[in-house]
Amino acid sequence: MVGRVALPSRAEVVVVGAGLAGLVAARSLAKAGVDTVVVESADRVGGRVGTDVVDGFRLDRGFQVLNTDYPQVRRELDLGALQVQAFTPGALIHLEGHLHRLADPRRLPLAALDTLSAPIGSMADKLRLAAMVAAAALLPVPQLLARPETSAYDSARENGLSEAIIDRFVRPFLSGVLLEDTLETSSRFVDLVWRSFARGTVGVPAYGMAAIPRQLAAALSPGVVQLNTAVEAVRSGCVTTGSGSVSCAAVLVAADPVAAAHLLPALGGEPAMRAVTTYYHATSEPPLREAILVLDGQRSGPVVNSLVLTNAAPSYSADGRSLVSSSVLGIESADDRSARRHLAVLYGQSTEDWELIDAVQVRAALPAAPPPLGNLRKPVSLGDGLYVAGDHRDTPSIQGAMASGARAARAVIRQLRPS
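Take the sequence shown: its position 324, counted from the start at 1, is 324 in the working numbering, and no numbers get skipped.
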């Protein structure tokens, strides 16, 4: 819990950062009876996972989703309390002036004919795509990680996929997940992406993605999380903040990847980060009646994906209007005209009267994850009582952030409670 308690001068462990990794680490440490304080420079918990209310609309900080198949999510969160509002499985791909449905027939049997007739590639292409996704979904994770590692693009080609199906579906779909469109991301991570989408339910908490870190923080004692407390330096046994110094037995840096690199030179410098701009538009009528991803199989404009959020989560709107989320790779201006022109093509209707609620620019949304990633897990123990956690130590995902936080906490507990 976040409380108004003075910053202590001493704690067993200081966690730097109240994002998902830091909160999971703090909860694990608290359960082990370790005296912990979490220092956070922002005025809220969550790090990159947040929700702002603008003109009555809930706007997540970039288009973010929660996948219920993530193992650490199931361990850490009360999904029922979050009231996860599910999206329709699959996607609608815009090709040749029409939207074509692509969905897993095991989950949407009635969509099987639509999927088979979608002009994304040959029948052989579709069978190979299905086999590739099925292998990712069904093989044990250790076997997935034992397969040769390459890029997402090379993996698709090695699985027999043609350039046509890569350009019309694989690239448009993965671009919105990986926040890059060259498919240079490691096949190890992409295998896990296919796995999670095939096995899990994707959606958003009823009251925004910020409900996730709020739920994690609520399990902590009052005063454990210190907001508006910027960290100036860390060293073995001490964390220096603008409000004073805290001596400790261990420091766990769970700040964002860029901040972590500045605080911990041993990490070797700032990691490359992916950027995204998400446009949120209000419409009097929804352009679709489903909460399903809309992709452009011809890549005829800047939008990589779009979705009518309020079709799944009506609570994202306060006045009954629809809220459409549309993402563009990189940092774009608040001028949404180019995006609206593209959205008019994708939805097949005028977007002239769509009201821009906000253009959310996220300069450091995800760490890049090119090969080699190896077993995906980078060290969390740096020696001398210094530890690090975050999605840059695991997969660039909510699962990776949470799993790294739990892993770093276990390493700290082994140091402080050897037995």
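Glycine included, every Cβ here is placed at the ideal spot set by N, Cα and C.
Rounded C-alpha distance that separates T241 from R407: For the purposes of this step, residue 241 is identified with residue 241 of the sequence shown, where counting begins at 1. For the purposes of this step, residue 407 is identified with residue 407 of the sequence shown, where counting begins at 1. Answer to the nearest angstrom: the Cα atoms are 25 Å apart.
For R128, which three-state DSSP category applies? Numbered from its first residue, the sequence shown carries residue 128 at position 128. Three-state result, R128: helix.
Could you give the uninterrupted runs of the beta strand (DSSP E) lying entirely in the region 126–208, keeping only those of 3 residues or more? 202–205
How long is the line joining the alpha carbons of G200 and N67, rounded to whole angstroms? Walking along the sequence shown from the start, residue 200 turns up at place 200. Walking along the sequence shown from the start, residue 67 turns up at place 67. Approximately 6 Å, taken between the alpha carbons.
Close beta carbons around A18, own chain, < 6 Å, minus the five adjacent residues each side: Taking the first residue of the sequence shown as 1, we reach residue 18 at position 18. Contacts found: V38, E40, V45, V225.
Would you call the region 8–25 and the region 396–415 in contact, with 3 or more CB pairs under 8 Å? yes
In three-state terms, what does DSSP make of L346? Stepping through the sequence shown from its first residue, residue 346 is reached at position 346. L346 falls in the helix class under three-state DSSP.
Anyone know if the C-beta pair for S388 and L346 falls short of 9 Å? Counting from one through the sequence shown, the residue named residue 388 turns up at place 388. Counting from one through the sequence shown, the residue named residue 346 turns up at place 346. Note that residue 388 is Val in the sequence shown, not Ser. Not in contact: V388 and L346 (Cβ atoms no closer than 9 Å).
Please classify H281 as buried or exposed, where buried requires at least 16 other C-beta atoms within 10 Å of its C-beta. Position 281 of the sequence shown, counted from the start, is the residue given in the question as residue 281. Looking at its Cβ environment, which holds 16 or more other Cβ atoms inside 10 Å, H281 is buried.
Look up G19 in the DSSP assignment and say whether it is helix, strand or coil. For the purposes of this step, residue 19 is identified with residue 19 of the sequence shown, where counting begins at 1. Residue state, collapsed to three classes: strand.
Return the chain-ordered list of same chain residues with a C-beta closer than 8 Å to the C-beta of A411, the five sequence neighbours on each side being excluded. For this step, residue 411 is matched to residue 411 along the sequence shown. V380, S381, Y387.
Roughly how many whole angstroms lie between the Cα atoms of A448 and A364? Any question about residue 448 goes unanswered here, given that the chain covers just 1 to 419.
Please report the Cβ distance between Q85 and A206, rounded to the nearest whole angstrom; I am assuming they are in contact, meaning their Cβ atoms lie under 8 Å. Working through the sequence shown from its first residue, we reach residue 85 at position 85. Working through the sequence shown from its first residue, we reach residue 206 at position 206. Contact flag correct, Cβ pair sits at about 6 Å.
Between which two residues does the alpha helix (DSSP H) holding I413 run? As a working mapping, residue 413 is identified with position 413 in the sequence shown. Taken as a continuous stretch (DSSP letters only), the alpha helix (DSSP H) holding I413 covers 398–416.
For H100, list the residues DSSP reports as bridge partners. Numbered from its first residue, the sequence shown carries residue 100 at position 100. According to DSSP, which records beta bridges pairwise, H100 is partnered with I93.
Assign A230 to one of three DSSP states: helix, strand, or coil. On the sequence shown, position 230 is the one that residue 230 refers to. If DSSP states are grouped into helix, strand and coil, A230 belongs with coil.
Does the region 289–300 come close enough to the region 157–171 to have 3 or more Cβ pairs within less than 8 Å? yes
Ignore the nearest five residues each way along the sequence and tell me which others in D256's own chain have a CB closer than 8 Å to its CB. Along the sequence shown, one-based indexing puts residue 256 at 256. Once the five neighbours on either side are set aside, the close Cβ partners of D256 are G17, G19, G47, R48, A364, G390.
Mapping DSSP to helix, strand and coil, what is V380? In the sequence shown, the residue the question calls residue 380 occupies position 380. Coil at V380, not helix or strand.
Beta-carbon proximity list for L416, same chain, < 8 Å, skipping 5 on both sides: As a first step, residue 416 must be located in the sequence shown, where it is residue number 416. E12, V13, V34, A249, A250, listed in sequence order.
Beta-carbon proximity check, L373 vs R188, cutoff 9 Å: Here residue 373 refers to the residue found at position 373 when the sequence shown is read from its first residue. Here residue 188 refers to the residue found at position 188 when the sequence shown is read from its first residue. Cβ distance < 9 Å, so L373 and R188 count as in contact.
In its own chain, which residues sit with a C-beta less than 7 Å from the C-beta of T283, not counting the 5 before and 5 after it? Along the sequence shown, one-based indexing puts residue 283 at 283. Within the same chain, T283 has close Cβ partners R321, S322, V324, W354.
Measure how close the beta-carbons of V15 and L252 come, nearest whole angstrom, since I'm counting them as under 8 Å. Position 15 of the sequence shown, counted from the first residue, corresponds to residue 15. Position 252 of the sequence shown, counted from the first residue, corresponds to residue 252. That pair is a contact at about 5 Å.
Among the candidates A130, L108, S300, R101, whose CA atom is the shortest distance from the CA of S117? Position 117 of the sequence shown, counted from the start, is the residue given in the question as residue 117. Answer by Cα proximity: R101.
Excluding five sequence neighbours on each side, which residues of the same chain lie with their C-beta closer than 6 Å to the C-beta of R393? One-based indexing of the sequence shown puts residue 393 at position 393. Correct list, in chain order: K378, V380, S404.
Which residue's Cα is closest to the Cα of A261: P367, N311, S350, M209? Within the sequence shown, residue 261 is the residue found at index 261, counting from 1. Of P367, N311, S350, M209, the residue nearest in Cα terms is P367.
Just how far apart, CA to CA, sit S300 and Q349? Translated into positions along the sequence shown, residue 300 becomes position 300. Translated into positions along the sequence shown, residue 349 becomes position 349. Between S300 and Q349, the C-alpha separation is close to 16 Å.
Can you give, in chain order, each stretch of the alpha helix (DSSP H) that sits fully within the region 48–87 and has at least 4 residues? 71–76, 79–82
Taking C-beta to C-beta, are F57 and I357 nearer than 9 Å? Within the sequence shown, numbered from 1, the residue matching residue 57 stands at position 57. Within the sequence shown, numbered from 1, the residue matching residue 357 stands at position 357. Yes; because the gap between Cβ atoms is below 9 Å, this pair is in contact.
P213 versus V177 - alpha carbon distance: As a first step, residue 213 is located in the sequence shown; it is residue number 213 there, counting from the start. As a first step, residue 177 is located in the sequence shown; it is residue number 177 there, counting from the start. Looking at the two C-alpha atoms, the distance is approximately 21 Å.
Sort out for me which residues DSSP pairs E355 with in a bridge. Sequence index remark: in the sequence shown, residue 355 carries index 355 (1-based). A282.
For the beta strand (DSSP E) containing V37, list its first residue and its last residue. Your numbering for residue 37 matches position 37 in the sequence shown. Residues 36–39.
Would you list the one or two residues that DSSP bridges to L323? The residue given as residue 323 occupies position 323 in the sequence shown. DSSP, once it has assigned bridges, lists A282 as partnering L323.
Bridge partners - S245, DSSP secondary structure assignment: The residue labelled residue 245 in the question sits at position 245 within the sequence shown. S245 is bridged to T240.
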